[in-house]
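> Read in order, the letters of the sequence shown are residues 103 to 273 in the working numbering.
Note that CB positions come from ideal geometry on N, CA and C, so glycine has one too.
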Amino acid sequence: MAESEDVKGIGPGGEDGEPKGKKKIEEPKGESNGAKRIAGSNDDVKKGGEAEISSDDKLFSVISHLSGLLMYLVPPFQIAVPLIIWLIKSEENAYIRHHARQSTFFQILIIAAYLISGLLCFVLIGFLLLPVVAVFHIVYTILASIAANRGELYVYPYMDRILKKLNIKID
103 MAESEDVKGI GPGGEDGEPK GKKKIEEPKG ESNGAKRIAG SNDDVKKGGE
153 AEISSDDKLF SVISHLSGLL MYLVPPFQIA VPLIIWLIKS EENAYIRHHA
203 RQSTFFQILI IAAYLISGLL CFVLIGFLLL PVVAVFHIVY TILASIAANR
253 GELYVYPYMD RILKKLNIKI D
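#1: Over the uninterrupted alpha helix (DSSP H) stretch that includes N251, give me the two end residues.
#2: I need the DSSP call for Y256, collapsed to helix, strand or coil.
#3: Using only the alpha-carbon positions, how far apart do H239 and E154 sit?
#4: Whole angstroms is fine: what's the gap from L222's alpha carbon to F229's?
#5: Checking 7 Å against the spacing of the C-beta atoms, do S276 and P184 come in under that value?
#6: So K160 packs on G253, CB below 8 Å; how close in whole Å?
#7: Any idea if F224 is buried or exposed, counting beta-carbon neighbours within 10 angstroms, 16 or more meaning buried?
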């Protein structure tokens, strides 16, 4: 695993500058792809406050992200797989729950983007948007899968803002 440094909170904190009562959020050095590591996100916590994430947890998380690419082969599995993982594993593990939720809502947003692009094909701009949506989908699905395999929590870009505007809370 990569070394990480603590991200200091804003406002009054304890002696170390951390906000009181908050979980430490760590961001891997040299990476700004939306991946974060949260201490205490799993039941087994190592010394130093970093969560111990098993290989099974990572596997379920990676599967929930990579299943989004099944859209190009078997479309229903794009949402079905992360949704099933979310429903089955959400009570057991916060790490898997986070990744399955992120993946499920990202796939829903991608479907909406494809539908809008498809409708815009009637005015010819959709033909330009379809490949952009495909590249965005593939690249960020792979980035999320890599982050999940490293034991990091990944948040898809723009998704938080869109869901806040729709008044949907996922984490």
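In short, the structure shows the following:
#1: Against the sequence shown, residue 251 aligns to sequence position 149. Its alpha helix (DSSP H) spans residues 228 to 252.
#2: In the sequence shown, residue 256 corresponds to position 154, counting from 1. Three-state DSSP puts Y256 in a strand.
#3: Within the sequence shown, the letter at position 137 stands for residue 239. Within the sequence shown, the letter at position 52 stands for residue 154. Cα-Cα distance, rounded: 29 Å.
#4: The residue you call residue 222 lines up with position 120 of the sequence shown. The residue you call residue 229 lines up with position 127 of the sequence shown. L222 and F229: Cα-Cα distance of roughly 8 Å.
#5: Residue 276 lies beyond the range of the chain shown here (103 to 273); nothing can be said about it.
#6: As a first step, residue 160 must be located in the sequence shown, where it is residue number 58. As a first step, residue 253 must be located in the sequence shown, where it is residue number 151. With a Cβ gap of about 6 Å, K160 and G253 count as contacting.
#7: On the sequence shown, position 122 is the one that residue 224 refers to. The residue in question, F224, is exposed, as its Cβ has fewer than 16 Cβ neighbours within 10 Å.
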